[in-house]
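Have a look at the structure below before the remarks.
Residue numbers (my numbering): 124 to 247.
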């Protein structure tokens, strides 16, 4: 999610990691609706899907196949202050280079670069 050239990065205490907002698809929900809902639930930000980015497929620790679809999103409404919730205890709006340094997963760093058209930092 982008706002004025800054990237939203979240800290999830359950995993003690820094990542991009994401979540699960509810029954009957479109991928875009799920993305908007999850971002709002995790960050309090109302966002709009702008462009679909690379998807990611993997097998989780329990052997279940997973598919994650990503969008470049823009901010429609941003709350005055972030409110900690069950999934996210910190939200940071950072520049592309700081996002790459903060994010724990290479795939997230690649998504930031893709969302910004390759304009983010040097990567890892």
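Heads up, the beta-carbon is just placed ideally off N, CA and C, and yes, glycines get one too.
Buried or exposed by the 16-neighbour rule on C-beta atoms within 10 Å, applied to residue i
i           : result
residue 144 : buried
residue 182 : exposed
residue 137 : exposed
residue 233 : buried
residue 247 : Confidence in residue 247 is poor, its pLDDT being 37 and thus under 50, which makes the residue's placement too unreliable to answer from.
Neighbourhood of residue i by C-beta distance below 8 Å, restricted to the same chain and skipping five residues each side
i           : result
residue 235 : 130, 143, 219, 222, 223, 226 and 243
residue 164 : 146, 208 and 210
Between the CA atoms of residue j and residue i - distance to the nearest angstrom
i           : j           : result
residue 140 : residue 211 : 10 Å
residue 169 : residue 162 : 7 Å
residue 249 : residue 201 : This structure cannot speak to residue 249, because the chain is shown only from 124 to 247.
residue 175 : residue 151 : 20 Å
residue 239 : residue 184 : 31 Å
residue 230 : residue 127 : 23 Å
residue 228 : residue 153 : 26 Å
From the options, residue whose alpha carbon lies closest to that of residue i
i           : options               : result
residue 203 : 159, 171 and 216      : 216
residue 167 : 230, 208, 176 and 149 : 208
residue 214 : 133, 231 and 189      : 133
residue 148 : 138, 160 and 137      : 160
residue 156 : 228, 193 and 206      : 193
Supposed close pair residue i, residue j - CB separation, criterion 8 Å
i           : j           : result
residue 179 : residue 191 : 4 Å
residue 120 : residue 187 : Since the first residue shown for the chain is 124 and the last is 247, residue 120 is missing from the structure and cannot be characterised.
residue 158 : residue 237 : That pair is no contact at about 15 Å.
Neighbourhood of residue i by C-beta distance below 7 Å, restricted to the same chain and skipping five residues each side
i           : result
residue 135 : 142, 210 and 211
residue 205 : 166, 167 and 214
Sequence-distant residues of the same chain with beta carbon closer than 6 Å to residue i, five excluded per side
i           : result
residue 189 : 181 and 183
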